[in-house]
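Following: one structure in structure tokens, then a few remarks.
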Amino acid sequence: MTAISQPPVTRRTAPGAPQLGVESTAQKATRYVFAGIRLALGWTFLWAFLDKTFGLGHETESKAAWINGGSPTKGFLAFGAEGPFAGFYRAIAGTAWVDALFMLGLAAIAVALLAGVGLRVAAVAGGILYVMMWTVVLPPENNPFLDDHLINAAMLAGLALTAAGDTWGFGRMWARLPIVRRWAWLK
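Numbering of the sequence shown is given in full-length UniProt numbering, commencing with residue 1 and proceeding in unit increments.
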């Protein structure tokens, strides 16, 4: 088994103090792994938006595309809802305001994740969306509690907490904007 080695560090401060400017191999690898996860999750949101908008044929047929008058929420919410929240989701399935909010959410979360900006807002919005999608199909099919929606919601929180937009993204430039420095929740 191969281990990730860490180069020796010459200490100029007290032991345990953060070493500014020194990044271990493990820290660098972690940055790249989280950046890759951020891009992968961003792509899933972008693909869902594009497929539901244009009916690219993967999950949404062309005739059911949003631009052709189809509803991006009706099928899943009206026919897939089970469990304690089924009545609520069936009642809002296919309404114009739900369709618009859902599609706006998919697009905005995708852009934020792919660009690496606004990850805190994207993590909250995406987390809410994932948890709501989890509640549509309670209990989950393959596990009495946990499914990929909850895991992805937790991953979004991790991405925001680790500044995953700084690697392979515009997170550092975004953080320097005056409005973002003033309101850190926009990071």
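Cβ atoms here follow ideal geometry from the backbone N, Cα and C, with glycine treated the same way.
- Fewer than three Cβ pairs drawn from the segment 134 to 145 and the segment 162 to 178 lie within less than 8 Å of each other, which leaves the two stretches out of contact.
- Segment contact: the segment 164 to 171 against the segment 102 to 109, fewer than three CB-CB distances shorter than 8 Å; contact not assigned.
- If the five residues before and after E141 are omitted, its C-beta is found closer than 7 Å to no C-beta atom of its own chain.
- Closest option to L119, judged by alpha-carbon separation, among R172, T30 and K28: R172.
- Counting the other CB atoms within 10 Å of its CB gives W66 a total of 16 or more, which places it among the buried residues.
- The alpha-carbon separation between W185 and A160 amounts to approximately 10 Å.
- Linking A48 to A123 through their CA atoms gives a straight-line distance of about 17 Å.
- According to the DSSP assignment, I179 belongs to the alpha helix (DSSP H) that extends over P178 to R182.
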